[in-house]
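Trainee: Heads up, the sequence shown is in numbering that gives the first Met the number 0, so the first residue is 0 and it goes up one at a time.
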Amino acid sequence: MAYEAIRIDIDASTHVATVTLNRPDKLNSFTRAMHRELSAALDEATSAGARALVLTGAGRGFCAGQDLADLDFTPGAMTDLGTLIDEHFNPLVRKLQAMPLPVIAAVNGIAAGAGANLALACDITIAARSSNFIQAFVKIGLVPDSGGTACLPQRIGMARALGLAITGDKLSAEQAERWGLIWQVVDDAELLPAATRLATQLAQQPTRAIAAIKQAMRASTTNTLDQQLDLERDLQRELGMSHDYAEGVAAFMEKRAPRFEGR
Numbered sequence: 000m001a002y003e004a005i006r007i008d009i010d011a012s013t014h015v016a017t018v019t020l021n022r023p024d025k026l027n028s029f030t031r032a033m034h035r036e037l038s039a040a041l042d043e044a045t046s047a048g049a050r051a052l053v054l055t056g057a058g059r060g061f062c063a064g065q066d067l068a069d070l071d072f073t074p075g076a077m078t079d080l081g082t083l084i085d086e087h088f089n090p091l092v093r094k095l096q097a098m099p100l101p102v103i104a105a106v107n108g109i110a111a112g113a114g115a116n117l118a119l120a121c122d123i124t125i126a127a128r129s130s131n132f133i134q135a136f137v138k139i140g141l142v143p144d145s146g147g148t149a150c151l152p153q154r155i156g157m158a159r160a161l162g163l164a165i166t167g168d169k170l171s172a173e174q175a176e177r178w179g180l181i182w183q184v185v186d187d188a189e190l191l192p193a194a195t196r197l198a199t200q201l202a203q204q205p206t207r208a209i210a211a212i213k214q215a216m217r218a219s220t221t222n223t224l225d226q227q228l229d230l231e232r233d234l235q236r237e238l239g240m241s242h243d244y245a246e247g248v249a250a251f252m253e254k255r256a257p258r259f260e261g262r
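This is how it looks when you write it as structure tokens:
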């Protein structure tokens, strides 16, 4: 597929895919067309055999959320935001979280609205020191979407989550790290190298197990303890029959580095 608003690069030697939101003049804000391209790029990365993925933004921002110019504000014919979310933003969050490989967000510059929550929907979020996260929805009379009302209180507690959502204030990358909202802050020049190094490291790991870890951790927010114990049992049974488990045990016994294949 030819892309206009997305760039994708897949390094065959490291099995790392880098997907870049590529509307820098619009701070990489989303249009419907961009949603379709990003979904296709994620599918392409998986089908091409990528074992880790980095998601970042071109230019001076990661993503400013929804491009308001792509919406209709004509009285009586205004864009139904529920339909827009149902058709584009929610499927994107679900796809990111269900991908059978680790997904790293490399946040440069501003991450606002759905753009902030897109970064938080990834498995690991690394941010440049100069970047900021903004739950900007309240500024235009809306509620955080793209998983924001779930992710924020789970990670930083209700008091901080409500404060960010109700005020719409900027949260610096360094404060986001201190609060536990994101994984790591790095110097601006180190952002993409750091994300790529981590992705390269994870691509050599048992990615099938990583996918199961993602599934189990996210299920824990709604499961009872009994349900979670059963899920752990079922996942462990499945992984215990995998190539990577056999390889990991063999490597341990033979005192050598394992050669995982993600199967």
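In this text, a Cβ means the ideal position worked out from N, Cα and C, and glycines have one as well.
DSSP state of residue 116, grouped into three classes?
Mentor: Position 117 of the sequence shown, counted from the first residue, corresponds to residue 116. It is helical.
Trainee: Can you check which of these residues, 151, 257 and 104, is closest to residue 193 by C-alpha distance?
Mentor: What you label residue 193 is simply residue 194 of the sequence shown in a count that begins at 1. That would be 104, whose Cα lies nearest to the Cα of residue 193.
Trainee: Are the CB atoms of residue 64 and residue 32 within a distance shorter than 8 Å?
Mentor: Indexing the sequence shown from 1 puts residue 32 at position 33. Indexing the sequence shown from 1 puts residue 64 at position 65. No, the pair does not count as a contact, with Cβ atoms beyond the cut-off.
Trainee: Are residue 247 and residue 206 close, meaning C-beta to C-beta below 8 Å?
Mentor: For the purposes of this step, residue 247 is taken as residue 248 along the sequence shown, with counting starting at 1. For the purposes of this step, residue 206 is taken as residue 207 along the sequence shown, with counting starting at 1. Cβ atoms of residue 247 and residue 206: not closer than 8 Å.
Trainee: Taking all protein chains shown into account, do 16 or more other C-beta atoms lie within 10 angstroms of the C-beta of residue 122, making it buried, or fewer, making it exposed?
Mentor: Here residue 122 refers to the residue found at position 123 of the sequence shown. Residue 122 should be labelled buried.
Trainee: How many Å lie between residue 98 and residue 210 at the Cα?
Mentor: For this step, residue 98 is matched to residue 99 along the sequence shown. For this step, residue 210 is matched to residue 211 along the sequence shown. For residue 98 and residue 210, the distance between alpha carbons rounds to 7 Å.
Trainee: What are the start and end residues of the alpha helix (DSSP H) that includes residue 248?
Mentor: One-based indexing of the sequence shown puts residue 248 at position 249. Per DSSP, residue 248 belongs to the alpha helix (DSSP H) from 242-253.
Trainee: Which of the three DSSP states, helix, strand or coil, is assigned to residue 204?
Mentor: Taking the sequence shown and counting its residues from 1, the one referred to as residue 204 is at position 205. Reduced to three states, the DSSP call for residue 204 is coil.
Trainee: If we count Cβ pairs, one from each stretch, closer than 8 Å, do we get three or more for the segment 71-84 versus the segment 119-134?
Mentor: No: fewer than three Cβ pairs fall under 8 Å.
Trainee: Please classify residue 106 as buried or exposed, where buried requires at least 16 other C-beta atoms within 10 Å of its C-beta.
Mentor: In the sequence shown, residue 106 corresponds to position 107, counting from 1. When all chains shown are included, residue 106 counts as buried.
Trainee: In chain order, what residues of the same chain lie with their CB nearer than 7 Å to the CB of residue 171, ignoring the 5 residues before and after it?
Mentor: Here residue 171 is taken as the residue at index 172 of the sequence shown, counted from 1. For residue 171, where only same-chain residues beyond five positions count, the Cβ hits under 7 Å are 131.
Trainee: Tell me the DSSP secondary structure of residue 60 in three-state form.
Mentor: Translated into the one-based positions of the sequence shown, residue 60 becomes position 61. Here residue 60 sits in strand by DSSP.
Trainee: Fully enclosed by the segment 14-86, which beta strand (DSSP E) runs are 3 residues long or longer?
Mentor: Complete beta strand (DSSP E) runs here, min 3: 15-20, 51-56 and 60-62.
Trainee: Do you know how far the Cα of residue 20 is from the Cα of residue 68?
Mentor: Start at 1 with the first residue of the sequence shown, and residue 68 comes out as number 69. Start at 1 with the first residue of the sequence shown, and residue 20 comes out as number 21. Those two C-alpha atoms are separated by around 17 Å.
Trainee: Would you be able to state if there are at least three C-beta pairs under 8 Å between the segment 86-98 and the segment 26-41?
Mentor: Enough Cβ pairs lie closer than 8 Å, so yes.
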